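So in my numbering, spot 284 of the sequence shown is number 284, and the numbers just go up one at a time.
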Amino acid sequence: MSIIQKSLMQINDDICVPALTDFAEKQAHGMADINEIIRFLHDDFPIRTIKEELEKEIELRVAALNTTRDEIVRNLRKKCGEVNVNNWLSGKAKALTKESALKIAFALQMSAKEASWFLMQSCWLDGLYMRDYKDVIYRYCLDGKLEYNQAEALIKQHSYLDNVPNPDPVENAVFGECLTEVLDRNVQRISSVDELNEFILKNKPNFGSFRRSAYKKFMELYNTIKNYDAIREMQGTDDYPTDEEICRLLAMNIPSLKGKQSIINTVLKKIAEDALPRTTLTEIIGKQELRSNKKITEVKRKHLLLMWLYVKAGNPDYSEYSDRQAAVAECIYTINDDLLEPCGMPLIDLRNPFDWVIMNALNYAYFTGAGEDEGGDTVERINKVMEQLFKRMDEE
Numbered sequence: 001m002s003i004i005q006k007s008l009m010q011i012n013d014d015i016c017v018p019a020l021t022d023f024a025e026k027q028a029h030g031m032a033d034i035n036e037i038i039r040f041l042h043d044d045f046p047i048r049t050i051k052e053e054l055e056k057e058i059e060l061r062v063a064a065l066n067t068t069r070d071e072i073v074r075n076l077r078k079k080c081g082e083v084n085v086n087n088w089l090s091g092k093a094k095a096l097t098k099e100s101a102l103k104i105a106f107a108l109q110m111s112a113k114e115a116s117w118f119l120m121q122s123c124w125l126d127g128l129y130m131r132d133y134k135d136v137i138y139r140y141c142l143d144g145k146l147e148y149n150q151a152e153a154l155i156k157q158h159s160y161l162d163n164v165p166n167p168d169p170v171e172n173a174v175f176g177e178c179l180t181e182v183l184d185r186n187v188q189r190i191s192s193v194d195e196l197n198e199f200i201l202k203n204k205p206n207f208g209s210f211r212r213s214a215y216k217k218f219m220e221l222y223n224t225i226k227n228y229d230a231i232r233e234m235q236g237t238d239d240y241p242t243d244e245e246i247c248r249l250l251a252m253n254i255p256s257l258k259g260k261q262s263i264i265n266t267v268l269k270k271i272a273e274d275a276l277p278r279t280t281l282t283e284i285i286g287k288q289e290l291r292s293n294k295k296i297t298e299v300k301r302k303h304l305l306l307m308w309l310y311v312k313a314g315n316p317d318y319s320e321y322s323d324r325q326a327a328v329a330e331c332i333y334t335i336n337d338d339l340l341e342p343c344g345m346p347l348i349d350l351r352n353p354f355d356w357v358i359m360n361a362l363n364y365a366y367f368t369g370a371g372e373d374e375g376g377d378t379v380e381r382i383n384k385v386m387e388q389l390f391k392r393m394d395e396e
């Protein structure tokens with residue numbers, strides 16, 4: 001097992017997931033030629049499927065619950081609906097909503113930790129986040145082995161919180177912990193519905209549906225880019241970069257999908273979806289000063305990753321590590337541990353096309369023998385891959 005696989009397998013104290021696709025990792029390490037990368041992404045990329053992930057979870061539950069596959073599938077059909085389960089197991093469904101993923105988690109009797117991992121890694125959704133009162137309720141009900149409809153009833157009881165204005169996300173640490181960590185620790189101590197209701201009422205000013213951690217990290221990275229001397233030097237000006245210029249820097253030549261839906265395959269869609277437009281960036285940064293009932297725009301995972309890559313991984317220092325693989329593993333570990341996991345976002349997964357491109361670019365950015373075509377800079381290499389990938393798409 002590679003260093004990267006090991007670093008990606010350690011998720012929490014008591015959940016260890018299977019290694020990521022060996023083939024995808026091998027290809028990420030082995031490809032230097034951009035044309036071959038484009039062909040692989042376009043034709044052979046092993047996209048993870050809902051069917052595959054659900055079958056894996058069913059197999060795990062058979063062992064954990066000491067039952068049969070037929071019994072588990074029967075219970076899934078009962079709790080989630082015949083049509084839904086048929087679509088999931090047949091491969092017709094290409095994505096899961098959070099509601100469906102949670103119904104599966106309840107039906108399979110997952111713990112809150114298992115459910116959060118299933119949401120993030122299997123479904124590419126946010127995990128359970130203790131600054132969202134709904135997720136606090138789901139967590140309590142999952143660990144308490146209550147039913148999904150019981151969780152929904154409790155959520156309805158507290159639905160008035162949806163209209164409570166979000167407080168300023170810039171918070172002071174409490175005894176060395178941020179407020180999110182304090183809430184997370186205290187939620188684990190709840191042992192009854194009465195205690196749950198009391199906890200939610202007591203903390204209602206602290207709840208909000210957006211990811212405060214992601215917003216804070218995004219703004220830190222944005223402000224770093226905004227003040228980059230290197231950008232001003234490159235542009236030959238003393239002016240600070242505009243938001244429009246920052247968007248161009250981060251876009252990695254990912255084009256808009258408008259008018260091109262019919263000629264884009266599944267891999268290209270997953271790479272191009274939610275590219276960062278100027279309007280979104282303006283909306284995010286324009287809401288630092290909150291007013292009455294205004295909510296901060298939720299920061300998307302891809303936008304956060306692009307920001308991080310531009311600031312942190314543009315020119316990695318290979319010399320600190322014994323070999324390239326160790327350097328890349330450390331970088332992926334940092335992305336997971338410091339950026340994605342604290343924000344309740346899916347960790348790096350080599351069967352997510354965008355993540356695979358990142359992995360490939362990091363791999364060759366750390367390779368001291370990389371020639372001009374390979375690109376010794378992470379952002380530069382991603383930019384080249386995107387440019388060629390979508391240029392080829394336009395020619396089809």
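Glycine included, each C-beta is placed from N, C-alpha and C at the ideal position. Since the structure is predicted, the reported quantities are computational estimates derived from the model, not experimental observations.
- For residue 35, the uninterrupted alpha helix (DSSP H) segment begins and ends at 34–39.
- Unbroken alpha helix (DSSP H) runs of no fewer than 4 residues, entirely contained in the region 118–166, are found at 133–143, 148–157, following chain order.
- Bounds of the alpha helix (DSSP H) holding residue 244 are 243–251.
- With contact defined as three or more Cβ pairs closer than 8 Å, the region 191–203 and the region 330–339 are not in contact.
- For residue 90, the number of other beta carbons within 10 angstroms of its own is below 16, and it is reported as exposed.
- Rounded to whole angstroms, the gap between the alpha carbons of residue 101 and residue 49 is 14 Å.
- Separation of the CB atoms of residue 345 and residue 214 is rounded to 7 Å, and the pair is thereby assigned contact status at 8 Å.
- One Cα belongs to residue 250, the other to residue 389, and the distance between them is close to 17 Å.
- CA-CA distance, residue 74 to residue 180, rounds to 38 Å.
- Straight across, the Cα-Cα distance linking residue 190 with residue 104 is about 24 Å.
- Comparing alpha-carbon positions, the option among 383, 79, 356, 111 lying closest to residue 29 turns out to be 356.
- When only Cα atoms are considered, residue 39 and residue 92 end up about 25 Å apart.
- DSSP, reduced to helix, strand and coil, places residue 45 outside both helices and strands of the structure shown, so it counts as coil.
- For the pair residue 359 and residue 123, the Cα-to-Cα distance works out to about 20 Å.
- Setting aside the 5 residues that flank it on each side, residue 228 is surrounded in the same chain by 241, each with a C-beta closer than 8 Å to its C-beta; the list follows chain order.
- Within the same chain, Cβ atoms closer than 6 Å to the Cβ of residue 387 are found at 253, the five residues on either side in sequence being excluded.
- Of the other Cβ atoms in all chains shown, fewer than 16 fall within 10 Å of the Cβ of residue 266; this residue is therefore exposed.
- For secondary structure counted as the alpha helix (DSSP H) over 4 or more consecutive residues, the region 179–209 holds these complete runs in sequence order: 179–187, 193–202.
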